[in-house]
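Each remark here refers to the structure printed beneath this line.
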Amino acid sequence: MFLATDLDGTFLGGSEEDREKLYRIIKNNSGITLTFVTGRSLPSVLEVLQSGQIPFPNYFICDVGARVVNGQTLEPILPLQDEIEKRWPGEKPIEEILKGIEGLVRQQVPQHLRVSYFLEETGKLEEIEALVKSIGCEAVYSNKKYLDILPKSVSKGSTLSHLVKALGIDPELVLVAGDTLNDLSMFRCGFNGVAVGNSEIGLVNAIKYRNNVYHAQAEGAGGILEYMRRSDRFSAYLKEEASYCQQ
0 MFLATDLDGT FLGGSEEDRE KLYRIIKNNS GITLTFVTGR SLPSVLEVLQ
50 SGQIPFPNYF ICDVGARVVN GQTLEPILPL QDEIEKRWPG EKPIEEILKG
100 IEGLVRQQVP QHLRVSYFLE ETGKLEEIEA LVKSIGCEAV YSNKKYLDIL
150 PKSVSKGSTL SHLVKALGID PELVLVAGDT LNDLSMFRCG FNGVAVGNSE
200 IGLVNAIKYR NNVYHAQAEG AGGILEYMRR SDRFSAYLKE EASYCQQ
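According to numbering that gives the first Met the number 0, the sequence shown holds residues 0 to 246 in order.
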């Protein structure tokens, strides 16, 4: 099983009981490869992991897909990272072309090969998308406030798809999980997917007709467990957990 999951609202979300159960299953099963696919920067994710309660991933895909790192060495996955960097025009052209847009507020967080803003006025979104497209970039908007400007054709889904291919992973063994519109690109890759409970309505509407995506009732980690229970392929990991707990 190759679990590729968003963090905030997904892997880090849900009840404490569900989180503990999912984390325990992953820690006790070497057959599960864990990949974090997040909008957070790598330093931000590493800070979350310091408690030791959360399983350490085999791979990190950070900055909304702009950074891909080996979980053991924290070194970039090559040549995937090189291909992303080749497409990046730098921050200055983006800041220059968007400087006249009202309502944009730069996020004060570490950003690698992306420029991130707060934007609550969606009426400006089409204009922004056209402007950044003209300099070889793409805009990703989620949660009605987060705007990320990324290199052309770079997203959570594109980087995940390239990583799965580079590792020689059977696509049928991949399970993606998310809850906001910046996770949409992962679901569009065709992998098995679960949109956890309380997902952003924009994401729910965008994937409602996708047969590869299950809409869970349980939130966060509980939604991932809910999908695993109903899956012929992935339910075996839950049975192994039950057996382990009885010993």
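We put the CB at the ideal spot given by N, CA and C, even for glycine. All figures in this text were calculated on a predicted structure; none of them were measured in a lab.
(message) One question on the structure: do L149 and V139 come within less than 8 Å of each other, judged by their Cβ atoms?
(response) Taking the sequence shown and counting its residues from 1, one reaches residue 149 at position 150. Taking the sequence shown and counting its residues from 1, one reaches residue 139 at position 140. Their beta carbons are under 8 Å apart, which means L149 touches V139 by this criterion.
(request) Give a yes or no on whether the C-beta atoms belonging to V153 and A65 are separated by under 8 Å. (result) What you label residue 153 is simply residue 154 of the sequence shown in a count that begins at 1. What you label residue 65 is simply residue 66 of the sequence shown in a count that begins at 1. Yes, they are a contact pair.
(request) Compare the C-alpha of K207 against each of L183, K144, I76 and name the closest. (result) Translated into positions along the sequence shown, residue 207 becomes position 208. The option with the nearest alpha carbon to K207 is L183.
(request) Report back the beta-carbon spacing between M227 and Y213 to the nearest angstrom; my notes put them in contact at under 8 Å. (result) Residue mapping note: residue 227 aligns to position 228 of the sequence shown, counting from 1. Residue mapping note: residue 213 aligns to position 214 of the sequence shown, counting from 1. Actually they are not in contact, since the Cβ atoms of M227 and Y213 sit about 10 Å apart, beyond 8 Å.
(message) So within the stretch 126-153, which uninterrupted beta strand (DSSP E) runs reach at least 3 residues, ignoring any that extend past its ends?
(response) Within the stretch 126-153, the complete beta strand (DSSP E) runs of at least 3 residues are 136-141, 145-150.
(message) Taking the beta carbon of L77 as the centre, do at least 16 other beta carbons fall within 10 Å, making it buried, or is it exposed?
(response) Along the sequence shown, one-based indexing puts residue 77 at 78. Result: exposed.
(request) To the nearest angstrom, report how far apart F1 and S234 are at their CA atoms. (result) Here residue 1 corresponds to residue number 2 of the sequence shown, with the count starting at 1. Here residue 234 corresponds to residue number 235 of the sequence shown, with the count starting at 1. One C-alpha to the other measures close to 14 Å.
(request) Please specify which runs of the alpha helix (DSSP H), each continuous and at least 4 residues long, are wholly inside the stretch 51-91, giving them in chain order. (result) Entirely contained in the stretch 51-91, the alpha helix (DSSP H) runs reaching 4 residues are, in chain order, 79-85.
(message) Let's test the definition: count the other Cβ atoms within 10 Å of the Cβ of D62 and tell me whether it reaches 16, buried, or not, exposed.
(response) Translated into the one-based positions of the sequence shown, residue 62 becomes position 63. It is buried - the Cβ of D62 has at least 16 other Cβ atoms within 10 Å.
(message) Can you find the residues in the same chain that come closer than 7 Å, C-beta to C-beta, to W87, ignoring five residues on each side of it along the sequence?
(response) Taking the first residue of the sequence shown as 1, we reach residue 87 at position 88. Excluding sequence neighbours, W87 sits near L112, P150.
(message) Could you tell me the alpha carbon to alpha carbon distance between E225 and S40, rounded to whole angstroms?
(response) By one-based count along the sequence shown, residue 225 stands at place 226. By one-based count along the sequence shown, residue 40 stands at place 41. For E225 and S40, the distance between alpha carbons rounds to 28 Å.
(message) Measuring only the C-alpha atoms, how far is H161 from G122?
(response) For the purposes of this step, residue 161 is identified with residue 162 of the sequence shown, where counting begins at 1. For the purposes of this step, residue 122 is identified with residue 123 of the sequence shown, where counting begins at 1. Pairing H161 with G122, the inter-Cα distance amounts to about 33 Å.
(request) Mind reading off the beta-carbon distance from G8 to T179? Whole number of angstroms is fine, and I expect it under 8 Å. (result) In the sequence shown, counting from the first residue as 1, residue 8 sits at position 9. In the sequence shown, counting from the first residue as 1, residue 179 sits at position 180. In this structure, G8 and T179 form a Cβ contact; the two beta carbons are roughly 7 Å apart against a cut-off of 8 Å.
(message) Per the DSSP calculation, Y116 is bridged to which residue(s)?
(response) Residue numbering aside, residue 116 sits at position 117 when the sequence shown is read from its first letter. Partner(s): R105, L146.
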